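Residue numbers for the sequence shown follow the UniProt record's numbering, beginning at 1 and rising by one.
For reference, the structure discussed in these notes is given below.
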Amino acid sequence: MLLCGMLLLYGQLLAQSKTITGRVTDEKGTPIPNASITIKGTSLGTTSKEDGSYSLTVPANSKTLSISAVGMDEQEIAIGEKTSILVTLASKQNILQEVVVTSLGITRDKRSLGYATQNLKADQFNDRGQVNIANALQGKVAGVNITNASGGAGASVNINIRGISSFTGSNQPLFIIDGIPISNDVDRTNGGPNGTLGDNQPPNRALDLDMNNIESVNILKGPAASVLYGSRAAAGAIIITTKKGSGQKGRAEILVNTNESFQKASGLPKVQNEYGQGSNGIYSNTTSNSWGPKFGSTPTVANGLLVGGTAVDYNPYPNNIKDFFQTGILSDNNLSINSGDAKQNYTFSAGYLYQKGILPNTGVKRASVKFGGNTVLRDKIKLGGSATITNTLQDGILGGNGQSALGVLHGMPRSIDLQKYKRDNTWKNPDGTNNYGVVGSENPYFGAYENPLKSNLYRIIGIANLGYDVTSWMNISYRLGVDAYTDRRKQIFAVSSGRVPAGQVLDNPISRSEVNGDLIISMKKNDIVKGLNLSGIVGNNINQRRFQSVQLQGDNLVIPYYYNVNNATTLTNGSSETSTLRRIVGYYAQASFDYKNYLFLELTGRTDQSSTLPKNKNTYFYPSISTGLVFTDAFNIVSEVLNYGKIRASYAKVGRDADPYQLDNVYVTGGYGNNVANVSFPFGSVAGFGASTRIAPNSLKPEFTSSYEVGLNAAFWKNRITIDVAYFDEVSKDQIVNVGLAPSTGYSTVTANVGKMTNKGVEALVTVSAISNRNFHWDISGNFTRIRNKVVNIYPGITSFAIPGSAFTGSIPTIQEGQPYGVIIGGLIPKSPDGQRIINPGTGVYQSTIANQVLANPNADYQLGFTNNLKVKRFSLSFTFDFIKGGQILSFTAAAYKSRGALKETAVDRDKAHILPGVIPDPNNSGKYLANNIEIPAQTYWQTLGGLQSEFNVYDATTFRMRDLSIGYDLPASLMDKLKITSARIGIFANNLFFIAPNAFFDPQVNTQGAGNIRGLDLQSVPNARTVGAGLKVSL
């Protein structure tokens, strides 16, 4: 019914239209094919044919045609009563008048900015098979590092702009949609058998955004760019502008976009298929190792289980790991309807995304609806708003532990036919308990299907704007934004699961809400003195955020498969409730001076009052100053080579407040007692609380980051080559940290301002218009990032502490004085004076490690990104490569394949003795060493190299990757006329097509902990996915 109604409306609107014909040529009269002819303010249009001719049906009351072509200046022509319009386009001379959206949604000419930003249009990242906008930016932005948690459906994405600036606070950028801040938080569920070890991989909430609704993304990189947003944007800001209603009065614009794709696991290690389950060459079904007999020599087992009295073949199953990963499906569909005129418009959008993950029983479903509009009342009052409602469902499974689906899968015995369990539906016994070919271990399919992690989230983002033009040079506006969501999560561990044999259920409802209001007075006066223009704003911001999480953990299920906490005999100490409320009130002002459009100066200041700081120190001020000089205009430089040049510089200081409830001593639940006796509360029916082991601070002040930046923009050979280079130097002080105390104090930590950290870096963006003519256009864009981070000092007497959120012992992500942020501290094997590892002559393996050494540094040396855009007539091609040099990752995945004997290399010379590389002490010369000649079995050799937290499982993360590929074709106008549609485009796309990691046998660009401060860990993660698909976009 709805579709029929829409088609009838469409037919009626066509009846109120007329047809315009014409021809598009260049200045020499040469026809321009594939020129775009659209009705201004809409996407209604057509393209010119090979001879430059075109024909376009326009609705009544259409006022202006917009004509553009690759390499030519855009032209606008009034329609009036014309039915024939001939167009002559001039070659493009200046591409540097770019307009970008900056802080508070203010639109600025990029040439006037004294700091670095980078703007991406939707066609640079959409329609490439990505689910999360953060993933879509990978490889395309200078100064920004983006890493996936894994290839799991809905897995989170870590984003850092210009490095790390806070020891324990958030280093994720602030997300802004249409001028209001929204949550991109990762809400972790910290209960369960392993707590925060990385078991769960919840998404960051950018997953809830429908990318089809995004028009552009602008990245504000430094404090000078984002200071107006206050402490929330201390780590930078990602400004998202959504599509608005547009069109011509009397006609609706209907857009349909659909993308269908398939996904496969990428980068799995190569396995051996010569030896099966067992240890020391002997078969055993009690081990996950493949150190058993050689295939063909022991016909006594079937599917890893001993067969009583009957000998059967003992076979390899080469694809038992690979085939556990299924073919993923990704379907992304969107319908939008837009209409409007010069005074009012509206938009409606409905989208549905379905993702079947590459892991069994995992996926994401997202349904969203957006509606909004804007209107002008009495020429001076502007009213607008939008609302987006989203429902996101995620099904996941756990990783990061040996007794999980992935922990068991990686490196599993080569002689187990894992797929047989799925074919026969026998991953559980008739009584529902776990069934697997390794006694005491959990079947990966049992983990996937019987131990799911489910999330059901409802979210609404609402925006309302009211503006009033007081005079021709002054405007008063108020913007109100609300972002609220509730997420109902449930984690199940079935009876007989590897981690919790007695069964467990964990309920975790989470809710977040944020209300943000801005009152802004903006002014703009030209020629306050001759050639000097002034614009400015003053404003007030109120931001309030509320968070609530309730965790109910029930252990020991009475009825095995009834997953309700009322079915548990014990509600454990994992049950808890957290509720926080915080508020910031800010006042800000900005003055921008423009002298003859070549000399620019901008002054900004903001004062915040935070509810999380002491009353006598809760008000803090941070300023910025930036300037830019277009020296080619200032000094009238006329050159065939250099046609544009600007130098810029900025300084900014930005504050960051504390987490809620750090100011007072609090009471907590827990255990109390001594070495003789200990009592935990609740004790029976008696509740109890005790003083926290943290001492509240006597005085607490904000963290501050000061930033200096200088940069250069230049264009050469009539804009054929443009460069944007920046150098920045940031110093972060007064970090808010819980500092460790001596046990003799009776407390474990005190909250204090400590430490200093620096970030210095260079970033560059270069674009080249390699070829530009009427039939062929080729643009190349390259970006470069190099950042050096250093923890200068921490606190008197303290030189290191673990990054909060890690539950590791042995290898710990750490803040270490004198080192880059986040190095992993662990044990290193002692070395001889010439740097060789020392062997214990009594065992033939390495000596015991020396603790508290730098094991791995997750920070990359530098990164590069290259994007190519080609257009040949109606065909277009775009692809992006990126190269990340250096950085290190500690891989438990690699460790599992080595120690379990599954890695291909472990089969080489397995029947021969092995000798570890290194030296042994010379028994006859103290302090001297001899080459190691002690032979050990292959299993001992590889299990020595495969220790979970061994330095041998630290890998150089250098990676070259084809990030994405998109090929499109615009259907010809003649066909569009026959089909009675405005335009249509078909395309194919891919991402993560291939990668080369020369120093690792797996894909090292994963980070199990996802979005957060802990990096460089691969805890038996889901491998990244390769995506290939096709799409169709139609405009009616």
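Here a beta-carbon is modelled for each residue, glycine too, at the ideal position from N, C-alpha and C.
Being a predicted model, the structure only gives us computed values, none of them experimental.
- In this structure, the CA atom of P444 is about 34 Å from the CA atom of M211.
- An exposed status is given to D729, since fewer than 16 other beta-carbon atoms sit within 10 Å of its beta-carbon.
- Separation of the CB atoms of I133 and A206 is rounded to 5 Å, and the pair is thereby assigned contact status at 8 Å.
- I794 has no beta-bridge partner at all, per DSSP.
- In the structure shown, the three-state DSSP call for P318 is coil.
- In this structure, S781 keeps its C-beta atom at 9 Å or more from the C-beta atom of Y929.
- Counting along the chain, P509 sits inside the beta strand (DSSP E) bounded by residues Q504 to V529.
- Counting every other CB atom within 10 Å of its CB across the protein chains shown gives M757 a total of 16 or more, marking it as buried.
- A buried status is given to L137, since no fewer than 16 other beta-carbon atoms sit within 10 Å of its beta-carbon.
- DSSP places D633 within a helical segment (H, G or I) once states are collapsed to three.
- If you draw a 10 Å sphere on the C-beta of K380, you find fewer than 16 other C-beta atoms in it, and that means exposed.
- Beta-bridge pairing by DSSP links P181 to I176.
- Sequence-distant Cβ neighbours of V495 in its own chain, meaning closer than 8 Å and more than five residues away, are G432, T433, P501, A502, G503, L557, P560 and Y561.
- Annotation: the continuous beta strand (DSSP E) that includes R1026 extends over A1025 to S1035.
- By the neighbour-count definition (other C-beta atoms within 10 Å, threshold 16), I637 is an exposed residue.
- Beyond the five residues adjoining it in sequence on each side, F125 comes within less than 6 Å, by CB distance, of A136 in the same chain, given in chain order.
- Taken through DSSP and simplified to helix, strand or coil, Y229 comes out as helix.
- D734 and P813 have their alpha carbons spaced roughly 21 Å apart.
- Counting only runs of 3 or more residues that sit fully inside the segment 825-887, the beta strand (DSSP E) segments are 850-856, 862-872 and 875-885, in chain order.
- The Cβ-Cβ distance between N333 and N257 falls below 9 Å.
- For S455, the closest of T189, A589 and T347 by C-alpha to C-alpha distance is T189.
- Contact holds between the segment 373-387 and the segment 466-484, because three or more Cβ pairs, one in each stretch, are under 8 Å apart.
- Under the Cβ criterion (8 Å, minimum of three pairs), the segment 475-485 counts as touching the segment 173-188.
- The segment 316-328 makes contact with the segment 262-279: 3 or more CB pairs, one atom from each, lie closer than 8 Å.
- When DSSP assignments are scanned along the segment 551-632, the uninterrupted stretches of beta strand (DSSP E) that are 3 or more residues long and fall wholly within it turn out to be 568-571, 576-595, 599-610 and 619-630.
- Residue nearest to F801 within the set F167, A142 and T25 is F167 (criterion: CA-CA distance).
- Rounded to the nearest whole angstrom, the C-alpha separation of V731 and Q863 is 22 Å.
- The Cβ atoms of R648 and Y622 lie no closer than 9 Å to each other.
- Annotated three-state conformation of W427 is coil, per DSSP.
- G844 and N924 have their C-alpha atoms spaced approximately 18 Å apart.
- With a 10 Å radius around the Cβ and a threshold of 16 neighbouring Cβ atoms, F892 comes out buried.
- Annotation for Q118: the continuous beta strand (DSSP E) segment containing it runs T117 to K121.
- Using a Cβ distance threshold of 9 Å, V791 and Q836 do not count as a contacting pair.
- According to the DSSP assignment, T705 belongs to no alpha helix (DSSP H) but to the beta strand (DSSP E) extending over E703 to F716.
- Out of Q553, I238 and M523, the CA that lies nearest to the CA of G539 is found in M523.
- Boundaries around G447 are those of the alpha helix (DSSP H), P444 to E450, since no beta strand (DSSP E) includes it.
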